[in-house]
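In my numbering, the protein residues as written are 1240 to 1602.
Here it is in structure tokens:
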């Protein structure tokens, strides 16, 4: 139909556009926490940190890719592990890429994903002039969070994360706040949002609601915490009401991995999905001659939701893009499969919540 052709056009535009490009740099796999469900283990599964020599190779690879594709809008994200454990290398990358992009008439936006426990005022003051925002994560109210996001000695981190949120905002740093919903905490979120309500009024804070998912073999050991379809359908729509800036949109692709994006680690390996780093799902590597792509890239990017029967006939396809390909692979053994979970109900309720907020006089 005409609508499917329109979707295919928009999907391809998003997946294969070149004027925008995103790079994620995993500066270290080490972490000062021991979150039991983490797809990267407890920060000890992989130990190599990125050194300055590898950082230079990665920056050169990023620059060559930008020039080759003639990209004009660049996003650079520091990731880990905990990137603040290799802060000097991360700052070096941000500063040098910032200078390079300025000299090449391109727009660079930089971010860092951190657990927040090492985020001090001094670091925020240093980052403020070089970074556009940080992402922090909370796992629900303090009583639950302090059992899942823990230091290696077992101590909880809730107070430290909230302190980091406050410090970042006081220093003028934008914060993306990721709230992870699990089966264990999904019915006790009111207390968390009471704690967060003063911060959510700030335009410097964006809220990201994320159900705990089966991302890796490591995660499968904690399957009792995964948010099942029934809980997603009832809990997530209610939680979304707490986001004062909620606005649904047509994403067409399932996630940023299905766009012009690349993830580099300290080994020089390249990935598409952050939940596959360190596994056998690399899509390439950095050689002395530059980037070398491998068959996994074409297997991953070859996923077509219009060839998945459940997706091609679904009215929510433009909103989800076929759903998480990683979850599809872990569930069915192929990227070319559907994994809806409770997303249909969530999308419906999200649209309804937006309409009620946008046009209150009609309700």
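Beta carbons: idealized from backbone N, C-alpha and C, even for Gly.
Residues bridged to residue i (per DSSP)
i	result
residue 1314	1261, 1348
residue 1353	Partner(s): none; residue 1353 has no beta bridge.
residue 1272	1390
residue 1416	1375, 1446
residue 1561	Bridge partners of residue 1561: none, in fact.
residue 1267	1288
residue 1523	1509, 1532
N- and C-terminal bounds of the beta strand (DSSP E) containing residue i
i	result
residue 1447	1444 to 1450
residue 1387	Taken as a continuous stretch (DSSP letters only), residue 1387 belongs to no beta strand (DSSP E), being part of the alpha helix (DSSP H) at 1381 to 1387.
residue 1606	Residue 1606 cannot be examined here, being either before or after the span of the chain that is shown, 1240 to 1602.
residue 1500	1500 to 1504
residue 1508	1508 to 1510
Range of the contiguous alpha helix (DSSP H) that encloses residue i
i	result
residue 1400	1397 to 1409
residue 1362	1360 to 1367
residue 1578	Run containing residue 1578: none; DSSP gives neither H nor E here.
residue 1253	1241 to 1255
residue 1493	Segment: none, residue 1493 is in no alpha helix (DSSP H) and carries neither H nor E.
residue 1436	1429 to 1439
Residue i and residue j closer than 8 Å at C-beta
i	j	result
residue 1347	residue 1315	yes
residue 1243	residue 1551	yes
residue 1504	residue 1265	yes
residue 1353	residue 1375	yes
residue 1310	residue 1257	yes
residue 1358	residue 1406	yes
residue 1555	residue 1511	no
residue 1261	residue 1498	yes
residue 1547	residue 1576	yes
residue 1317	residue 1289	no
residue 1400	residue 1373	no
residue 1312	residue 1491	no
residue 1414	residue 1367	no
residue 1561	residue 1450	no
residue 1319	residue 1369	no
residue 1442	residue 1514	no
residue 1360	residue 1410	yes
residue 1567	residue 1389	no
residue 1379	residue 1431	yes
residue 1328	residue 1294	yes
residue 1403	residue 1355	yes
residue 1323	residue 1362	yes
residue 1517	residue 1276	no
Contact test: residue i Cβ vs the ligand ZN heavy atom, cutoff 7 Å
i	result
residue 1435	Of the ligands one can find in the structure shown there are none, so the ligand ZN has no counterpart to examine.
Buried versus exposed, by CB contacts within 10 Å (16 or more), residue i
i	result
residue 1321	buried
residue 1421	buried
residue 1463	Note that residue 1463 has pLDDT 40, beneath the 50 cutoff, so the model's placement of it is unreliable and the number below is only indicative. Exposed, because fewer than 16 other Cβ atoms sit within 10 Å of the Cβ of residue 1463.
residue 1456	Any reading at residue 1456 is ruled out, since the residue's pLDDT is 38, under 50, leaving its predicted position unreliable.
residue 1397	buried
residue 1465	Since pLDDT at residue 1465 reaches only 49, below the 50 mark, its modelled position is unreliable, and no value is offered.
residue 1330	buried
residue 1291	exposed
residue 1460	Only weak support exists for where residue 1460 lies, its pLDDT of 36 falling under 50; the coordinates are left without a value.
residue 1537	exposed
residue 1306	exposed
residue 1501	buried
residue 1364	exposed
residue 1325	buried
residue 1437	exposed
residue 1573	exposed
residue 1598	exposed
residue 1594	exposed
residue 1544	buried
residue 1539	buried
Cβ of residue i within 8 Å of any chain C Cβ
i	result
residue 1430	Of the chains in the structure shown, none is chain C; there is only one protein chain.
Practice item. Ignoring anything shorter than 4 residues or poking outside the region 1526 to 1553, list the alpha helix (DSSP H) runs there in chain order. Key: For the region 1526 to 1553, the continuous alpha helix (DSSP H) assignments of 4+ residues that do not extend past its boundaries occur at 1534 to 1540, 1548 to 1551, in sequence order.
Exercise for review: Would you list, in sequence order, the uninterrupted alpha helix (DSSP H) runs of no fewer than 4 residues that lie entirely inside the region 1291 to 1343?
Suggested key: Taking only runs of at least 4 residues, the alpha helix (DSSP H) segments lying wholly in the region 1291 to 1343 are 1291 to 1308, 1326 to 1342.
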